[in-house]
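Beneath this line is the structure, given in structure tokens, with notes to follow.
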Amino acid sequence: MPEVTIGRRGFLHIGVAALIALPAGNASAADEPVPNSTGTNPPKLKAPANAADCHMHIYDPARFALAPSPRVAPTNAALAQYRLLQKRIGTTRVVIVTPRNYATQNEATITAIREIGPNARGVAVLHPDVTDTELTRLNDAGIRGIRFSLGDPASAVVTPDMIEPLARRIAPRNWHIQFNMGGDQIVALSDVLQRLPVQMVFDHLGSPGIPAGVSHPSHQVIRRLLDANRAWVKLSGAYLNSRIGPPYPEATAIAQDFVRAAPERLVWGSDWPHPTSPGPRKPDDAMLFDLLLDWAPEEAARHKILVENPERLYGFS
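Here is the structure:
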């Protein structure tokens, strides 16, 4: 099969992507329900060409055993099921984030990247004892950052003391550190964040907490990092930042503040298959995508969030 070459740092994939059809957009998605998602209708917002979903997870225990964890992993959440979500909402690029249920085992993530091809990148979970050889392997496989998920200590597989050592290890590769932690933790680690020699990405609107929202001190910590061009924010996890439920007005206030401040430092993510969604029903992913119509009313800003910013942050060609 032919090779497909991506210019950034020699990221090379054999063309197995030809085995998996690219999503055709959202025109006919209403016919097929998506596991771990409510509803079947396509979104009102038409995804622009090369739109990226910059935050989702793959759970594929049939091929890659899950690590022991108190967290219950979603089911029906492998690449084939995610393809149905792409078809529904119309995104074609994707950033796969290794979930806590895989601990530091990143094979499910990099295998999915390889199977998708040039339209995929990934974020791994690592410990500071990772070898340089492994870092090179992950880089060549499409990994562009590492994640610290610290919000739930009972299920965390990394610790805050690992942040600075790993930041020094990944800095020469131009990777970033992605943080999934609450507002109080961001404030507690603000001095560490200021010292890091890498770009930072904050999950789920920075998770400032309810009802504090933009009034939480962590919001200003992130805003200062944005103003200094040292951080990015994922417009994701609306349901994690709202007590009221759809259309998540508390989350909208946070997102709109970020969009006004720095639309060039934001990316969007579905968070499929929604492993931390409260309640028995999963969110409506079309509605989550349509929130961008309120969060970023200007088409130019949405194009940055969905296309241009992911190209800069993750190196999509």
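Under our numbering, the first residue of the sequence shown is numbered 109, with each subsequent residue one higher. Yeah, the Cβ is synthetic: ideal placement off N, Cα and C, and Gly gets one too.
Legend entry - Local Cβ density within 10 Å of P388, reported as buried at 16 or more and exposed below that: exposed
Inset, instruction - Determine the closest residue to A105 out of P381, P371, M395, with distance taken between C-alpha atoms. - result: For the chain, the structure presents residues 109 to 425; residue 105 sits outside this window and is missing.
Legend entry - For Y347, three-class secondary structure by DSSP: helix
Legend entry - The beta strand (DSSP E) enclosing M164, as first and last residue numbers: 160–164
Inset, instruction - Please determine if the segment 182–192 and the segment 233–250 are in contact, where contact requires at least 3 C-beta pairs separated by less than 8 angstroms. - result: Of all C-beta pairs linking the segment 182–192 to the segment 233–250, fewer than three are shorter than 8 angstroms, placing the two stretches out of contact.
Legend entry - Span separating the alpha-carbon of K154 from that of M164: 20 angstroms
Inset, instruction - Look at the alpha carbon of N337 and the alpha carbon of R331, and state the distance between them as a whole number of angstroms. - result: 10 angstroms
Legend entry - Start and end residues, alpha helix (DSSP H) containing L313: Taken as a continuous stretch (DSSP letters only), L313 belongs to no alpha helix (DSSP H), as it is neither H nor E.
Inset, instruction - Compute the Euclidean distance between the alpha carbons of A159 and A296, then round it to the nearest angstrom. - result: 35 angstroms
Legend entry - Rounded distance between the beta-carbons of F310 and V265, thought under 8 angstroms: About 19 angstroms separates the two Cβ atoms, so there is no contact after all.
Inset, instruction - Return yes when the Cβ of I271 is within less than 8 angstroms of the Cβ of V306, no when it is not. - result: Not in contact: V306 and I271 (Cβ atoms no closer than 8 angstroms).
Legend entry - V367 versus P176: straight-line alpha-carbon distance, rounded: 39 angstroms
Inset, instruction - To the nearest angstrom, report how far apart A262 and R252 are at their CA atoms. - result: 27 angstroms
Legend entry - Proximity below 8 angstroms, CB of A181 to CB of L174: yes
Inset, instruction - Please report how far the alpha carbon of M308 lies from the alpha carbon of A339, in whole angstroms. - result: Approximately 5 angstroms, taken between the alpha carbons.
Inset, instruction - Specify whether the segment 142–157 and the segment 350–367 touch according to this definition: at least 3 beta carbon pairs, one from each stretch, less than 8 angstroms apart. - result: The segment 142–157 is not in contact with the segment 350–367.
Inset, instruction - Using DSSP bridges, identify the partner residues of Q286. - result: The partner list for Q286 (beta bridge, DSSP) reads R255, V309.
Inset, instruction - Mark R229 as exposed unless 16 or more other C-beta atoms lie within 10 angstroms of its C-beta, in which case mark it buried. - result: buried
Inset, instruction - Grab me the residues of V142's own chain with a C-beta within less than 6 angstroms of its C-beta, minus the 5 sequence neighbours each way, in chain order. - result: L192, L193, R196
Inset, instruction - Round the Cβ separation of I166 and I204 to the nearest angstrom and send it over; I've been treating them as touching at under 8 angstroms. - result: 6 angstroms
Inset, instruction - Would you kindly work out how many angstroms separate the C-alpha atoms of V231 and V322, rounded to a whole number? - result: 27 angstroms
Inset, instruction - Let me know if I83 comes out buried or exposed under the rule of 16 or more other beta-carbons within 10 Å of its beta-carbon. - result: No information on residue 83 is available, as it lies outside the stretch 109 to 425 that the chain covers here.
Legend entry - Helix, strand or coil at V205 [DSSP, three-state]: strand
Legend entry - Local conformation of G198 per DSSP, three classes: coil
Inset, instruction - From the DSSP output, in three-state form, read off L274 for me. - result: helix
Legend entry - Counted within 10 angstroms of its Cβ, other Cβ atoms place R201 as buried (16 or more) or exposed: buried
Inset, instruction - Out of D398, S298, R303, L421, point me to the one whose CA is closest to T199's CA. - result: A check of alpha carbon separations from T199 across D398, S298, R303, L421 identifies D398 as the nearest.
Legend entry - Beta-carbon proximity check, I294 vs G314, cutoff 8 angstroms: The answer is yes: Cβ separation under 8 angstroms.
Legend entry - Residue of G250, N288, S257, P319 minimising C-alpha distance to A359: P319
Legend entry - Between the CA atoms of G259 and G290 - distance to the nearest angstrom: 6 angstroms
Inset, instruction - Answer yes or no: do L304 and A346 have a C-beta to C-beta separation smaller than 8 angstroms? - result: no
Legend entry - Coarse secondary structure for G377, derived from DSSP in three states: coil
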